[in-house]
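Novice: With the sequence shown counted from 1, adding 20 to any position gets you this note's numbering. To start, I am sharing the structure in question, which I have written as C-alpha cells.
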Amino acid sequence: KSRTIDNINNSHITIAFANDFSTAGEQLTTNEANKRNKYLRPGSSRDTKHVPMSNLEALNNPKETAKEIAEFFKERYSNSKTLVLNIAGNGIYSLNRVTTQQELNAKMRDVLIELKNELPNTEIIVRSGGQTGMDLAGVVAAYSLGLKTIIHMPSGYRIRTKENKDMSFKSKEEFIKYIRDNNMYKL
Numbered sequence: 021k022s023r024t025i026d027n028i029n030n031s032h033i034t035i036a037f038a039n040d041f042s043t044a045g046e047q048l049t050t051n052e053a054n055k056r057n058k059y060l061r062p063g064s065s066r067d068t069k070h071v072p073m074s075n076l077e078a079l080n081n082p083k084e085t086a087k088e089i090a091e092f093f094k095e096r097y098s099n100s101k102t103l104v105l106n107i108a109g110n111g112i113y114s115l116n117r118v119t120t121q122q123e124l125n126a127k128m129r130d131v132l133i134e135l136k137n138e139l140p141n142t143e144i145i146v147r148s149g150g151q152t153g154m155d156l157a158g159v160v161a162a163y164s165l166g167l168k169t170i171i172h173m174p175s176g177y178r179i180r181t182k183e184n185k186d187m188s189f190k191s192k193e194e195f196i197k198y199i200r201d202n203n204m205y206k207l
C-alpha cells in the first residue's frame with residue numbers, strides 16, 4: 021500500500037490500464053489517486069464509479085489516449101514543464117488471456133510517442149511499480165524512448181509472473197537479467 025501511495029504522491033497523474041478494475045490493487049490505486057485528483061483511466065469516463073471493467077482498448081488508439089492524458093495534465097498543471105506520469109494497471113497474470121507483455125510494451129510505447137507529440141516542450145518522466153503487466157510496459161516503453169524512469173518495486177525486486185507466482189531477486193541486475201531472458205523487455 022505504501023508503495024502505491026508513494027508512486028501516486030510523487031507523480032502528477034496516475035493512469036491505469038486494466039482488464040479488471042475490481043482487483044485489490046486496482047481498487048487501491050483508484051481510491052488513493054482519486055483522493056488526490058490525479059487519477060485517469062484513458063478511454064473511460066472520468067466518473068470512475070460508472071466505467072466499463074476494461075479500458076485496454078484505449079491502448080489501440082494511442083493518439084486519442086495521449087491527447088486525453090495531455091489534456092488532463094494541462095488542466096491541472098498548465099505551468100509545469102515536467103510531467104511525472106505514474107503508469108499502473110493489471111499485472112500480466114491478470115492480462116495473459118487477452119495479451120502478452122510484449123504487446124503491452126509496444127502499445128504503451130506508441131502512447132508515449134504520441135504523448136511526446138502532444139507535449140513537445142514538456143519533460144516526461146515515467147514512474148511505476150515496475151512489476152509485470154502495465155507497470156513493466158510503462159517502464160520498458162519509456163526506457164526505449166530515452167525517457168527518465170523511476171521504478172519503485174517491492175523489496176526483493178518482487179514480481180508476479182504470468183503464472184501468478186511471486187518471484188524475488190537478489191539485485192537489480194538479477195531482475196533485469198530475468199526480464200531480458202524471458203523476452204519481457206521487447207517491444
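Cβ coordinates follow ideal geometry from the N, Cα and C atoms, glycine included.
Could you tell me the distance, in whole angstroms, from the CA atom of N141 to the CA atom of S114?
Specialist: Counting only the Cα atoms, S114 lies some 36 angstroms from N141.
Novice: What's the gap between the Cα of N57 and the Cα of K83?
Specialist: 23 angstroms
Novice: Report the start-end ranges of each alpha helix (DSSP H) in the segment 120-145 that is 4 residues or longer and not cut off at the edges.
Specialist: 121-138
Novice: So who's on the other strand from M173, going by DSSP bridges?
Specialist: Bridge partners of M173 according to DSSP: none are assigned.
Novice: Return the CA-CA distance between F41 and E194, expressed in angstroms with no decimal places.
Specialist: 31 angstroms
Novice: Within 10 angstroms of the Cβ of K127, are there 16 or more other Cβ atoms? Answer buried if so, exposed if not.
Specialist: Burial call: buried.
Novice: Pull the bridge partners of F37 from the DSSP assignment, please.
Specialist: G109
Novice: I need the DSSP call for T49, collapsed to helix, strand or coil.
Specialist: helix
Novice: Does the distance from the CB of I133 to the CB of L165 come in under 9 angstroms?
Specialist: yes
Novice: Could you check what DSSP says for K182 in three-state terms: helix, strand or coil?
Specialist: coil
Novice: For R96, count neighbouring Cβ atoms within 10 angstroms of its own Cβ and tell me buried if that reaches 16, exposed if not.
Specialist: exposed
Novice: In the DSSP assignment, find the unbroken alpha helix (DSSP H) run with Y97 in it and report its ends.
Specialist: Where Y97 is concerned, there is no enclosing alpha helix (DSSP H), given that its DSSP letter is neither H nor E.
Novice: Suppose contacts are defined by Cβ-Cβ distances below 9 angstroms. Is A108 in contact with N75 by that definition?
Specialist: no
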